[in-house]
Amino acid sequence: MTGPRTEARGLGALGREGHRAAGTELGGPGRHRPFQPHYPQAVNCSWVLTPEPLLDTDFVATYRHGVWGATETGECVRTGPRSCSFGDVQMFSLTPYVVNVTAVNPLGTASRLLPFLLENVIKPDPPEDLRVSPIPGETKKLLLEWSPPGSWPFPEYFPLKYRIRYARGESSIGPYEQTSYTLTGVRPGTLHRIQVAAKDFTDSGEFSAWSLPASGTPWVEP
Numbered sequence: 001m002t003g004p005r006t007e008a009r010g011l012g013a014l015g016r017e018g019h020r021a022a023g024t025e026l027g028g029p030g031r032h033r034p035f036q037p038h039y040p041q042a043v044n045c046s047w048v049l050t051p052e053p054l055l056d057t058d059f060v061a062t063y064r065h066g067v068w069g070a071t072e073t074g075e076c077v078r079t080g081p082r083s084c085s086f087g088d089v090q091m092f093s094l095t096p097y098v099v100n101v102t103a104v105n106p107l108g109t110a111s112r113l114l115p116f117l118l119e120n121v122i123k124p125d126p127p128e129d130l131r132v133s134p135i136p137g138e139t140k141k142l143l144l145e146w147s148p149p150g151s152w153p154f155p156e157y158f159p160l161k162y163r164i165r166y167a168r169g170e171s172s173i174g175p176y177e178q179t180s181y182t183l184t185g186v187r188p189g190t191l192h193r194i195q196v197a198a199k200d201f202t203d204s205g206e207f208s209a210w211s212l213p214a215s216g217t218p219w220v221e222p
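Under full-length UniProt numbering, the final residue of the sequence shown carries the number 222; numbering is consecutive throughout.
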């Protein structure tokens, strides 16, 4: 039975107690990856099997804070058939966390370890409520407005930065810190499709997926 391949990526957001959270995707026992949607309130983990086994397979997932030494091991609580979550993580810690996923079936067991730093796996959820509006009297401008992801409830304390994707050829601009932007130089009388992505302001982790698209046409003289 093949063990999990491991790789890391990130997600970031703030929990309702003012803590941000983390998440991990475990490809395994083939691969697993960490990501943080609520850093550092919790770490979410998910995994896949490569190759997919023919036998029913169960999983045991644990975590620890620290790679070496007598570090206490905790349970990564199952949240689905191939996912788990653990909390009580230490913000800004320079000590790696290690997730261990073990696959168990009648052929035996196979495990894979994934060490990672919380800040390296921050990845916000996409921005929400994107609006594209014409600006009266401006035939080549559009006003873009959006909201931070709802899973990141304290952006005033843990700011995000944003980039914008628009026009033909998937052009993008940014990042910008504000949640509004005046797009200039757009083609008059044309419907423009816009998307926005978010990233931790400190540049930790990676950008979110792109938001749901919104479209708008510049002001047209009556």
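We put the CB at the ideal spot given by N, CA and C, even for glycine.
Alpha-carbon spacing of residue i relative to residue j, whole angstroms
| i | j | result |
| --- | --- | --- |
| V43 | A61 | 12 Å |
| residue 223 | S204 | Here the chain covers residues 1 to 222 and nothing more, so residue 223 does not appear. |
| S208 | I135 | 28 Å |
| I194 | P106 | 51 Å |
| L94 | P175 | 27 Å |
| R112 | A103 | 9 Å |
| D88 | V48 | 25 Å |
| V101 | E72 | 16 Å |
| residue 234 | H192 | Only positions 1 to 222 of the chain appear in this structure, which leaves residue 234 out of reach. |
| W68 | P81 | 29 Å |
| Q41 | F86 | 9 Å |
| P53 | K199 | 36 Å |
| S133 | V186 | 13 Å |
| G23 | W219 | Only weak support exists for where G23 lies, its pLDDT of 41 falling under 50; the value from the coordinates is given anyway. Looking at the two C-alpha atoms, the distance is approximately 43 Å. |
| G108 | V196 | 46 Å |
| P51 | T139 | 55 Å |
| G83 | S171 | Looking at the sequence provided, one finds Ser at residue 83 rather than Gly. About 35 Å. |
| F59 | E119 | 27 Å |
| V77 | R165 | 37 Å |
| T57 | P149 | 35 Å |
| C45 | F154 | 23 Å |
| A110 | G74 | 19 Å |
| E156 | V121 | 21 Å |
| G137 | I173 | 24 Å |
Residue i and residue j closer than 8 Å at C-beta
| i | j | result |
| --- | --- | --- |
| E177 | K123 | no |
| L143 | A214 | no |
| W146 | S211 | yes |
| T182 | K141 | yes |
From the options, residue whose alpha carbon lies closest to that of residue i
| i | options | result |
| --- | --- | --- |
| F158 | P115, M91, T217, L114 | M91 |
| L179 | G66, R163, E75 | Inspection of the sequence shows that residue 179 is occupied by Thr rather than by Leu. For the residues G66, R163, E75, the minimum Cα distance to T179 belongs to R163. |
| N63 | V77, L49, V98, T139 | It should be noted that the sequence gives Tyr, not Asn, for residue 63. With distances taken between Cα atoms, Y63 lies closest to V98. |
| E221 | F201, P188, L212, P148 | P188 |
| K161 | T202, V121, E75, G66 | T202 |
| L117 | H65, G74, L55 | H65 |
Anticipated Cβ contact below 8 Å, residue i with residue j, distance rounded
| i | j | result |
| --- | --- | --- |
| P115 | P96 | 4 Å |
| T217 | T184 | Their Cβ separation, rounded to whole angstroms, is 15 Å, which puts T217 and T184 out of contact at 8 Å. |
Distance cut-off 7 Å: residue i Cβ against heavy atoms of the ligand SAM
| i | result |
| --- | --- |
| G69 | As for the ligand SAM, it is missing from this structure, which has no ligand bound. |
(request) Would you mind listing the beta strand (DSSP E) stretches within the stretch 46 to 105 that are 3+ residues and don't spill past its ends, in chain order? (result) 58 to 65, 73 to 75, 77 to 80, 83 to 87, 97 to 105
(message) In chain order, what are the residue ranges of uninterrupted beta strand (DSSP E) at least 3 long that sit wholly in the UniProt domain "Fibronectin type-III" (126 to 220)?
(response) 128 to 135, 138 to 147, 160 to 166, 171 to 176, 180 to 184, 192 to 200, 214 to 216
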